[in-house]
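Counting in our numbering, the sequence shown runs from 282 upward without gaps. Here's the structure, in structure tokens; my notes come after.
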Amino acid sequence: MDALNLLLKRVSVPRLQEPAPTAKQLDLMLRAALRAPDHGQIRPWRFLTVQGDDRKKLGELFVQGLLSTMPEASSEQIEKTRAMPLRAPLLLLVIASISKHLTVPADEQLLAAGCAAHGILLAAHAQGIGAVWRTGAVAEISRINAGLGLQEHERLIAYIYLGTPINSLRNPPDLDPAPFVQTWPIA
């Protein structure tokens, strides 16, 4: 797949099944992530993988997090939350690891980690692997972040679900960039 086609045709793939990416495929995705723009070469990111039965453990951690913020959660909400990590055979968590730096502000480090996550999505698509970036409340609940081992200076920015697409990929619309671009100075 050529680079421009990859950039123009990548889509999120929310319905995934086994098999998970191979170790070699995962290595390529992580190598792509490490090519993210990174002012200062500080590499403000780290990654966690969750697969197999560990996805069930993550589901239990999600339930603990849900109940810590919503003790009145219904049994349906609890079961839906418990099943979230089972939507794909492999989850790759992207964590922004922000450090105090003289010339690289925290926001720029967060954006660099986001670019690393995008690199993972592009490398997955290039290899025919289905991927979707999810966050939601489970990325913001302190009980979950503590259970994942996040430190005070870290922020979970992506749960990337990876696997084999269940359905054929949708064809993304061809968007016109004109409505998003202005010439400066703005009149």
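Positions of the beta carbon are idealized from the N, C-alpha and C atoms, including for glycine.
Inter-residue Cα distance where the pair is residue i and residue j
i: residue 380; j: residue 395; result: 15 Å
i: residue 362; j: residue 434; result: 26 Å
i: residue 366; j: residue 317; result: 26 Å
i: residue 359; j: residue 408; result: 35 Å
i: residue 438; j: residue 330; result: 14 Å
i: residue 338; j: residue 463; result: 48 Å
i: residue 371; j: residue 311; result: 14 Å
i: residue 300; j: residue 416; result: 23 Å
i: residue 354; j: residue 406; result: 36 Å
i: residue 297; j: residue 436; result: 26 Å
i: residue 431; j: residue 313; result: 23 Å
i: residue 335; j: residue 357; result: 22 Å
i: residue 466; j: residue 458; result: 19 Å
i: residue 420; j: residue 284; result: 31 Å
Three-state class that DSSP yields for residue i in the structure shown
i: residue 417; result: coil
i: residue 356; result: helix
i: residue 408; result: coil
i: residue 299; result: coil
i: residue 395; result: helix
Beta-carbon spacing of residue i, residue j below 8 Å
i: residue 319; j: residue 398; result: no
i: residue 412; j: residue 376; result: no
i: residue 444; j: residue 369; result: yes
i: residue 384; j: residue 321; result: yes
i: residue 302; j: residue 410; result: yes
- prompt: Between the stretch 338-357 and the stretch 316-328, are three or more C-beta pairs nearer than 8 Å?
  reply: Touching, no, given that fewer than three Cβ pairs across the two stretches are closer than 8 Å.
field: Any 3 or more C-beta pairs closer than 8 Å across the stretch 286-301 and the stretch 424-433
entry: Because the criterion of three Cβ pairs below 8 Å is not met, the stretch 286-301 and the stretch 424-433 do not touch.
query: Using 8 Å as the Cβ pair cut-off and three pairs as the minimum, do the stretch 293-312 and the stretch 400-416 touch?
result: Judged by pairs of C-beta atoms under 8 Å, the stretch 293-312 touches the stretch 400-416, as three or more such pairs exist.
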